[in-house]
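Take 64 as the starting number for the sequence shown in this note's numbering and just add one per residue. Even for Gly, the Cβ is constructed at its ideal location relative to N, Cα and C. Just below is one structure, and these are the notes that go with it.
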Amino acid sequence: MESLEFKAEVQQLLHILSHSLYTEREIFLRELISNASDALNRVQFEMLTNHNVLDPDAELAIRIDFNADAKTLTVSDTGIGMTREELIENLGTIAHSGAVAFLKKLEAEQRLGDIIGQFGVGFYSVFMVADQVTVTSRSYLPEAQAWTWTSRGDNTYTISPAEKRERGTTVEIKLKEDAAEFASEWRLEQIVKKHSNYISFPIYVKDKIVNQQTALWRKSPNEVTDEEYAEFYRQLTLDYEKPLLHLHIITDAPVDIRSVLYVPRSRERGIFRLRTDYGLKLYSRKVLIQENNKDMLPEYLRFIEGVVDSADIPLNVARESVQSSRAMGHIKKALRGRVLKALKELGDEKPDEYKIFWEAFGAFIKEGVATDFGGRDELLPLLRFPTSKSNGALVALSEYVGRMREGQTAIYYILGDSLDTVSRSPHLDAFKARDLEVLYLVDPLDAFMVQSLREYEGKPLKNVDDPDLQLPDVAEVQATQETATALPAEVFGKLLLRFKNVLGERVKDVRESKVLKDSPCRLVSPDSGPEREMQRVRRLIEQDYEVPLKIIEINRGHPLIQNLARLIETQFANPLIDATIEQLYENLLLLEGLHPNPAQMVPRIQTLLEQAVATSAQPA
Ligand code: ADP
Ligand code: MG
64 MESLEFKAEV QQLLHILSHS LYTEREIFLR ELISNASDAL NRVQFEMLTN HNVLDPDAEL
124 AIRIDFNADA KTLTVSDTGI GMTREELIEN LGTIAHSGAV AFLKKLEAEQ RLGDIIGQFG
184 VGFYSVFMVA DQVTVTSRSY LPEAQAWTWT SRGDNTYTIS PAEKRERGTT VEIKLKEDAA
244 EFASEWRLEQ IVKKHSNYIS FPIYVKDKIV NQQTALWRKS PNEVTDEEYA EFYRQLTLDY
304 EKPLLHLHII TDAPVDIRSV LYVPRSRERG IFRLRTDYGL KLYSRKVLIQ ENNKDMLPEY
364 LRFIEGVVDS ADIPLNVARE SVQSSRAMGH IKKALRGRVL KALKELGDEK PDEYKIFWEA
424 FGAFIKEGVA TDFGGRDELL PLLRFPTSKS NGALVALSEY VGRMREGQTA IYYILGDSLD
484 TVSRSPHLDA FKARDLEVLY LVDPLDAFMV QSLREYEGKP LKNVDDPDLQ LPDVAEVQAT
544 QETATALPAE VFGKLLLRFK NVLGERVKDV RESKVLKDSP CRLVSPDSGP EREMQRVRRL
604 IEQDYEVPLK IIEINRGHPL IQNLARLIET QFANPLIDAT IEQLYENLLL LEGLHPNPAQ
664 MVPRIQTLLE QAVATSAQPA
């Protein structure tokens, strides 16, 4: 017999667990069953792909036994088993550093049991109920020896050779005094039904099978209740929130598909998923062949959870053949189509639920628009944006198009950092004056996405800072020109020149605006290519970002501009003039979401304020 020390992290974890006040201690059984089921899946896979397996005829099953007088409980399986090295590696260490600190926090919040299984430390939860645990295991490898691992949940465990003829693992638990309740038939049956009902191998308590076993996805949808779908989701993901949506997909041609997919309710649970990677559980005729398959859905749908079973998938599926197999291609196409269709229906029929979806996963749909050219028609109806007319509510493109003004030929959008800045943008002057709706694209991803979103239902998408927008009926805004007559062309010309001198290389041109109404000036792009959307993306990701060259347009009718022009006429050298021009320019960068460092403006603003206050304080 050999005595070994647990790794420091395990010691800490065991300390937390054995002193835990966690009320749902029963989850230890779920964790042991889950390990047994994993072990059975793995040996099943070995038997199908490799013929040299110990005890090939043993029933693939999980057995739970107990002795109420002795207060003992055993959970055994005929799974893949463990060698001596595997016992030490799997039951003496923790794969994830950081897991313990996190679990400590959850312990304090009484939420330990919800997610312990997701940290690759589920096994240790048995120490919430055990004074002593003995694991005896024999690997499936024909020449393997059996070994016993024992621990009292303190800092050490022992390993010694054992006698065990059959393949698999037996976990013997000496229950704590206050955990005697678990040595009871009805209690065990109740726990199995609650947490492990859909485990696909039979679970015996004494000699009776107590779990339902039937793979849910192989049933007919009209035999499955909503509660059962929700319960299956919970067992699959350990997410305690109900899913937002479930889909049950069954097809026989051109390929066989039995699949249950879920849209979760929030993205948050992501932080708990240290261990589990994303992906669907892939089965071939009920045999689990991949835990996190990433090929069955496009990458942008990676938030979808679920199971896919298909008789057309080869068992020895290597990664390459997954991608090249025709059956896989069919399945992927079918699943994507069904998911996107279900999301569209949710959007059409249950806008409130859809809003929850959009807030959690809208970013993934945008990623899809940017990456999945073929999925365009299914993806665009899923997009939602706030607009200049929606008061913060989300609007679909179809809704926008449905209320386009007569004569309006394009869909307009404005890019920026927040609803607050875009709604104040000078670009909107012309649109407000014409009662034109503008989409507010304020998510950092939007700049990226909009490059591949050039049109919707034949209507081009146009950036409001496009230099050559053809807006309908300009007549009514020409009102600005009336006031503009107060500023003679010659005086206005000098003002434009002054802007040019002050801003120099930083702007491409200075010119009069034809569209501004309430704002003194605005920046427009010299060209309308996708390049300028990329500039925004670069600002977020590049160190040496440079403010792009723009054209500054001046509103000849604006009081600020008119006063500034007069000041140039009367006090050419007044430093206030250049400071105002600088500040106007930087205000625009800020509004555009292009300013590299807004804090730099503070000293100038201060100077301007000092002058304004000083002027006002002078006796009249
Ligand atoms: P996880 O199951 O998330 O990996 P656990 O702490 O539950 O984490 O188990 C740790 C490891 O111990 C498992 O990954 C597995 O390799 C091994 N193990 C536990 N129970 C069994 C079992 N019944 N049969 C075979 N291996 C097991
Ligand atoms: Mg486990």
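Quick check: what's the CA-CA separation for residue i versus residue j?
{"i": "L166", "j": "F424", "result": "27 Å"}
{"i": "L324", "j": "I125", "result": "27 Å"}
{"i": "P611", "j": "A636", "result": "29 Å"}
{"i": "L71", "j": "V116", "result": "The displayed chain sequence assigns Ala, not Leu, to residue 71. In a straight line, the C-alpha of A71 is about 36 Å away from that of V116."}
{"i": "Q107", "j": "G142", "result": "8 Å"}
{"i": "I320", "j": "D289", "result": "21 Å"}
{"i": "G567", "j": "L653", "result": "19 Å"}
{"i": "R517", "j": "R569", "result": "29 Å"}
{"i": "D118", "j": "Y203", "result": "8 Å"}
{"i": "Y261", "j": "W421", "result": "31 Å"}
{"i": "E68", "j": "E226", "result": "24 Å"}
{"i": "D140", "j": "Y267", "result": "10 Å"}
{"i": "D506", "j": "L364", "result": "19 Å"}
{"i": "L103", "j": "F264", "result": "8 Å"}
{"i": "N285", "j": "A316", "result": "20 Å"}
{"i": "D217", "j": "E87", "result": "22 Å"}
{"i": "G185", "j": "L77", "result": "11 Å"}
{"i": "E122", "j": "K413", "result": "47 Å"}
{"i": "V196", "j": "T232", "result": "13 Å"}
{"i": "G245", "j": "L251", "result": "Correcting the residue type first, residue 245 is Phe in the shown sequence and not Gly. Answer to the nearest angstrom: the Cα atoms are 6 Å apart."}
{"i": "D411", "j": "L301", "result": "29 Å"}
{"i": "I367", "j": "Y296", "result": "11 Å"}
{"i": "R447", "j": "Q598", "result": "23 Å"}
{"i": "Y476", "j": "A433", "result": "17 Å"}
Quick check on the burial criterion: 16 or more other C-beta atoms within 10 angstroms. Buried or exposed for residue i?
{"i": "I624", "result": "buried"}
{"i": "H82", "result": "exposed"}
{"i": "V676", "result": "exposed"}
{"i": "S283", "result": "exposed"}
{"i": "G470", "result": "exposed"}
{"i": "Y303", "result": "exposed"}
{"i": "K613", "result": "buried"}
{"i": "G556", "result": "exposed"}
{"i": "A680", "result": "exposed"}
{"i": "F562", "result": "buried"}
{"i": "T643", "result": "buried"}
{"i": "I668", "result": "exposed"}
{"i": "I604", "result": "exposed"}
{"i": "Q663", "result": "exposed"}
{"i": "N650", "result": "buried"}
{"i": "T112", "result": "exposed"}
{"i": "W249", "result": "exposed"}
{"i": "F91", "result": "buried"}
{"i": "V573", "result": "buried"}
Can you give me the Cβ contacts of residue i inside the same chain, cut-off strictly under 6 Å, excluding the 5 residues immediately before and after it?
{"i": "G656", "result": "G479, D480"}
{"i": "F578", "result": "The sequence given here places Val at residue 578; Phe does not occur at that position. Excluding residues within five positions, the ones whose Cβ falls inside 6 Å are A493."}
{"i": "T484", "result": "L654"}
{"i": "L345", "result": "I352, Q353, N356, V371"}
{"i": "T199", "result": "T211, A225, K227, T233"}
{"i": "G342", "result": "N355, N356, K357"}
Ignore the nearest five residues each way along the sequence and tell me which others in residue i's own chain have a CB closer than 8 Å to its CB.
{"i": "V318", "result": "S373, D375, A390, H393, I394, A397"}
{"i": "R629", "result": "V554"}
{"i": "E539", "result": "Interpretation of E539 is limited by its pLDDT of 49, a score under 50 that renders its predicted location unreliable; the figure taken from the coordinates is listed afterwards. Excluding sequence neighbours, E539 sits near A496, R497."}
{"i": "E596", "result": "L478, A510, F511, V513, Q514, N526"}
{"i": "G438", "result": "P361, R399, L403, G431"}
{"i": "V287", "result": "L279, H311"}
Skipping 5 residues on each side, what residues in its chain have a beta carbon closer than 7 Å to that of residue i?
{"i": "L80", "result": "Y187, S188, F190, M191"}
{"i": "N153", "result": "M145"}
{"i": "D641", "result": "V565"}
Item to check | Whole beta strand (DSSP E) elements within the region 546-578, 3-residue minimum | outcome: As far as the region 546-578 is concerned, its whole beta strand (DSSP E) runs of at least 3 residues are 570-575.
Checklist entry - At which residue ranges does the region 493-521 contain complete beta strand (DSSP E) runs of 3 or more residues, listed in the order of the chain? => result The region 493-521 contains these whole beta strand (DSSP E) runs: 501-504.
Next on the checklist: So within the region 389-474, which uninterrupted alpha helix (DSSP H) runs reach at least 4 residues, ignoring any that extend past its ends?
Outcome noted: As for any alpha helix (DSSP H) of minimum length 4 sitting wholly inside the region 389-474, the runs are 389-412, 414-434, 439-442, 460-465, ordered along the chain.
Next on the checklist: Please give me, in chain order, every unbroken run of the alpha helix (DSSP H) with length at least 4 that falls completely inside the region 83-171.
Outcome noted: Every unbroken stretch of the alpha helix (DSSP H) spanning 4 or more residues and falling wholly within the region 83-171 is given here in chain order: 90-112, 147-155, 162-171.
Checklist entry - If you scan the region 264-316 from start to end, which runs of the alpha helix (DSSP H) of 4 or more residues do you find wholly inside it? => result The qualifying runs are 289-300.
Item to check | Any alpha helix (DSSP H) of 4 or more consecutive residues that is wholly inside the region 633-668 | outcome: Complete alpha helix (DSSP H) runs here, min 4: 638-655.
Next on the checklist: Runs of 3 residues minimum, wholly inside the region 192-255: which ones carry the beta strand (DSSP E) assignment?
Outcome noted: Runs of the beta strand (DSSP E) spanning 3 or more residues and lying entirely within the region 192-255 occur at 193-201, 209-214, 219-225, 231-238, in chain order.
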